[in-house]
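**Q** Everything in the sequence shown is counted per the numbering used here, starting at 39 for the first residue and increasing by one. For every residue, glycine included, the Cβ atom is placed at its ideal position computed from N, Cα and C. Quick one: this structure, given as structure tokens, is what I'll be asking you about.
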Amino acid sequence: MNSNKIAVITGASRGIGADTAKLFARKGYAVCINDVSNDVAAESVKDEILQDGGHCITVKADVSVASEVKRLFETVDRELGCLSVLVNNAAILKTQCRLDEISEERFDRVLKANVMSCFLCCKEAVKRMSAKYNGTGGTIVNVSSGAARSGSPNEYIDYAASKGAVDTLTRGLSLEVAAEGIRGNGVRPGFIYTDMHASGGEPNRVDRLKEKIPMQRGGQPGEVAEAIYWLASDNSSYATGTFIDLTGGL
Ligand code: NAP
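Have a look at this one:
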């Protein structure tokens, strides 16, 4: 495939990543659907895209591990072609608790899954997109969280801190490569209906908290996907180093 619209979306088997992959495919992108373990979910996203006439591949890879990230991008080079968009969406969170109950092992795991993954994938993308490496440019969108601003007290400070790091990485990298044809931006979702809240031990968290949201409702993954697409597309051609908050006003 030689389309110049090629997108890697990490963590695209479920939730926000899955809706983002489907949206990019509808917009004519050849999409790489990455996930770490849920083959059934990834294949179902793939089937839906193929049935709609889109083009995509699935690549299972743990994006917190350098060798797996390398294999992921090499597969895309070989099977899709020249990368134009990277969406760093994969992330995890663990059971709600206070900071003094978080183990060092968990803290390490969350930072690796949420921050190291972003760093490793950005590195591979810059090497392919940057004019410094004879690339033709591209865009990177990092999925952060409103937690980067709230700090998530009594829930998951480790997760919130990881998203603060993602914001700083996004800002620094976007300025570093701004003159090399790469734009980098972030989105900060708030309370979105996905499986992620079950990982925190409270599947119905969004409904419990929705009255505290000025718009009085949780968000849908597709509403986040639209913002990611806008930041990746030429429609946002003068935006770099910036963030869109998708938090219903919080
Ligand atoms: P989700 O439904 O839990 O899905 C997470 C996705 O990430 C899955 O596809 C999962 O793959 C993948 N993943 C996790 N660790 C990975 C790894 N090491 N390597 C590769 N893939 C990995 O999550 P979501 O709610 O859609 O969240 C997507 C993004 O939005 C995350 O960055 C999250 O922090 C952010 N966000 C979400 C909310 C919310 O309310 N949902 C709010 C703010 C920010 P498997 O299916 O294989 O497990």
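(1) Just the C-alpha distance for residue 79 and residue 272, rounded to the nearest angstrom, thanks.
(2) Count the other CB atoms, across all protein chains shown, that sit within 10 Å of the CB of residue 252; report buried if there are 16 or more and exposed otherwise.
(3) Count the other C-beta atoms from every protein chain shown that fall within 10 angstroms of the C-beta of residue 116, then say buried if there are 16 or more, exposed otherwise.
(4) Along the chain, where does the alpha helix (DSSP H) containing residue 15 start, and where does it finish?
(5) Is the region 59–71 in contact with the region 86–94, if contact means three or more CB pairs nearer than 8 Å?
(6) Any idea what DSSP makes of residue 204, helix, strand or coil?
(7) Given a threshold of 16 other Cβ atoms within 10 Å of its Cβ, counted over all protein chains shown, does residue 175 qualify as buried or as exposed?
(8) For residue 186, count neighbouring Cβ atoms within 10 angstroms of its own Cβ and tell me buried if that reaches 16, exposed if not.
(9) If we ignore side chains and look at the alpha-carbon of each, how far apart do residue 168 and residue 250 end up?
(10) What number of angstroms, rounded off, separates the C-alpha of residue 240 from the C-alpha of residue 231?
(11) Looking at residue 149 and residue 205, is the spacing between their C-beta atoms short of 9 Å?
**A** Concretely, from the data shown:
(1) The sequence position of residue 79 within the sequence shown is 41, counting from 1. The sequence position of residue 272 within the sequence shown is 234, counting from 1. Roughly 30 Å between the two C-alpha positions.
(2) The sequence position of residue 252 within the sequence shown is 214, counting from 1. That one is exposed.
(3) In the sequence shown, residue 116 corresponds to position 78, counting from 1. Classification of residue 116: exposed, given that the 10 Å Cβ count is below 16.
(4) Only positions 39 to 288 of the chain appear in this structure, which leaves residue 15 out of reach.
(5) yes
(6) Position 166 of the sequence shown, counted from the first residue, corresponds to residue 204. Here residue 204 sits in helix by DSSP.
(7) To locate residue 175, count along the sequence shown from 1; it is residue 137. Looking at its Cβ environment, which holds fewer than 16 other Cβ atoms inside 10 Å, residue 175 is exposed.
(8) Within the sequence shown, the letter at position 148 stands for residue 186. It is buried - the Cβ of residue 186 has at least 16 other Cβ atoms within 10 Å.
(9) On the sequence shown, position 130 is the one that residue 168 refers to. On the sequence shown, position 212 is the one that residue 250 refers to. Rounded to whole angstroms, residue 168 to residue 250 spans 43 Å at the Cα level.
(10) Working through the sequence shown from its first residue, we reach residue 240 at position 202. Working through the sequence shown from its first residue, we reach residue 231 at position 193. About 12 Å.
(11) The residue you call residue 205 lines up with position 167 of the sequence shown. The residue you call residue 149 lines up with position 111 of the sequence shown. In this structure, residue 149 does not lie closer than 9 Å to residue 205 by Cβ.
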